[in-house]
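Heads up, the thing below is written out as structure tokens.
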Amino acid sequence: MNRKLTKILMSGVLLISLLAIPTFASAAQESGTLEDLNVKFVPHDLNESYIVGTKAPNVELVYLNRKSNKQSSFKLSKMSKYTKVKDMKLVDQSIVFSTYEFAGYSEQNYRIMKYDIAKGTLSELLFNKGQITLQGASNTGLVYTVDSAIKGNELWYYDNKSKKKTKLESSVGSAHMSGDVIAYTVPSASLMELNEAVYYVSAKNLKNKVQVPFDGENVKTNGKYIAFWCNNTNLSTDRSVYIYNIATKETFDYSIVEEGDSVNQDIVFMGNSVIAWNTDNSQTKVKATTVYDLKTDDVLETDESFMPIAASKTEILFYDPVAKGYLIYKN
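Numbering (mature numbering (1 follows the signal peptide of the UniProt record, and there is no 0)), first residue to last: -27 to -1, 1 to 304.
The following block contains the structure:
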């Protein structure tokens, strides 16, 4: 059973003291909520209606209708024989994804596309000669970066209704979007500073950006909360997960990840739960994954071999590198 956590108010931060953390995988398997996902493609995202992904070598969109269990696909060769998928987000019944053209020697002609599953239609939203990365998407719009190793990654917002592009920042470390909320981090001018300034802005008022009281990296949002990793010191790899409540302006500090070769952290939201994890230097072995329920303050720790891929309001999609298969946890 999960144990509630004790909240201690300290310096304006609600510190969560971990008493005991049950093993997520064991609890889920006992309750029958951890199920194998048997699909013949690589899943990237999911919601209650669809599971979407690609087939190697990333030249085909694949989507599974979960109600009918019917699998369908869209071949990118209809665009160009050199086109490959880069990033992908599932928004209701549409797949928003980025592509590039690769002719064997260089990547170019990046696009952000939208495939309407219900209508079977494809539309081009954005084009850029150089590299772009899709960071987040919702029914309101999407955020993406124009990437440059020299100048930094520019953050742009594309509005679905007006079709207008707006530059938000000249250089960001990470970015995400859910609903009307756009969250992002801005790197420090100091090379010694690992944490980045965390901001959020509403798509309804792009000029009114708000800085979160604490710095971090690898930011994600569900429209109500903003979650990010915080490096507790620049001299070690001790890290915490900070979760900021947009409505109350409170910041929660969750469990510390112990010092070691734990890097490449990331976060996804499952409704009002935060799934945070970090890997080893090879990015192939998960060092620790923890699920934080923001309504109950319950904490679950996963089997360390499971790699979170994506999450919906009630489910988490995992990859099991040992069994080389996919699992779905249903909350």
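All residues carry an ideal CB built from backbone N, CA and C; glycine is no exception.
Measuring straight from C-alpha to C-alpha, what distance separates residue i and residue j?
{"i": "Lys297", "j": "Ala284", "result": "19 Å"}
{"i": "Val183", "j": "Ser175", "result": "9 Å"}
{"i": "Phe70", "j": "Met61", "result": "4 Å"}
{"i": "Ser278", "j": "Lys180", "result": "43 Å"}
{"i": "Pro16", "j": "Leu164", "result": "36 Å"}
{"i": "Gly109", "j": "Gly152", "result": "10 Å"}
{"i": "Ile123", "j": "Thr56", "result": "26 Å"}
{"i": "Thr27", "j": "Glu74", "result": "16 Å"}
{"i": "Ala249", "j": "Thr262", "result": "6 Å"}
{"i": "Asp293", "j": "Ile85", "result": "30 Å"}
{"i": "Asp211", "j": "Lys258", "result": "18 Å"}
{"i": "Glu274", "j": "Asp253", "result": "17 Å"}
{"i": "Tyr299", "j": "Ile240", "result": "18 Å"}
{"i": "Pro160", "j": "Phe291", "result": "30 Å"}
{"i": "Ser135", "j": "Lys87", "result": "16 Å"}
{"i": "Arg54", "j": "Pro281", "result": "Looking at the sequence provided, one finds Lys at residue 54 rather than Arg. C-alpha separation (whole angstroms): 31 Å."}
Please say whether residue j and residue i have beta carbons closer to each other than 9 Å?
{"i": "Met150", "j": "Leu99", "result": "no"}
{"i": "Asn126", "j": "Trp202", "result": "no"}
{"i": "Val34", "j": "Gln44", "result": "The sequence given here has Leu at residue 34, not Val. No, the pair does not count as a contact, with Cβ atoms beyond the cut-off."}
{"i": "Thr106", "j": "Ala156", "result": "no"}
{"i": "Met243", "j": "Asn304", "result": "yes"}
{"i": "Val32", "j": "Leu49", "result": "yes"}
{"i": "Lys59", "j": "Tyr23", "result": "no"}
{"i": "Ile199", "j": "Val154", "result": "yes"}
Could you name the residues that DSSP lists as bridge partners for residue i?
{"i": "Lys138", "result": "Tyr131"}
{"i": "Leu95", "result": "Tyr88"}
{"i": "Ser175", "result": "Val154 and Asn178"}
{"i": "residue 305", "result": "There is no way to answer for residue 305, as the model of the chain reaches only from -27 to 304."}
{"i": "Gln184", "result": "Tyr172"}
{"i": "Asn218", "result": "Tyr198"}
{"i": "Ile123", "result": "Beta-bridge pairing links Ile123 to no other residue."}
{"i": "Leu7", "result": "Tyr302"}
Can you tell me where the beta strand (DSSP E) with residue i in it begins and where it stops?
{"i": "Met150", "result": "Ser147 to Ser151"}
{"i": "Met280", "result": "Met280 to Ala284"}
{"i": "Lys102", "result": "Taken as a continuous stretch (DSSP letters only), Lys102 belongs to no beta strand (DSSP E), as it is neither H nor E."}
{"i": "Ile298", "result": "The amino acid occupying residue 298 in the given sequence is Gly; Ile does not appear at that position. Where Gly298 is concerned, the enclosing beta strand (DSSP E) stretches over Gly298 to Lys303."}
{"i": "Asp293", "result": "Glu288 to Asp293"}
{"i": "Lys258", "result": "No beta strand (DSSP E) holds Lys258; DSSP gives it neither H nor E."}
{"i": "Val247", "result": "Ser246 to Thr252"}
{"i": "Leu273", "result": "Val272 to Glu274"}
message: Extract the residue ranges of the beta strand (DSSP E) inside the stretch 14 to 89, only unbroken runs of 3 or more that lie entirely within it.
response: Runs found: 15 to 19, 23 to 28, 33 to 38, 43 to 48, 56 to 64, 67 to 75 and 80 to 89.
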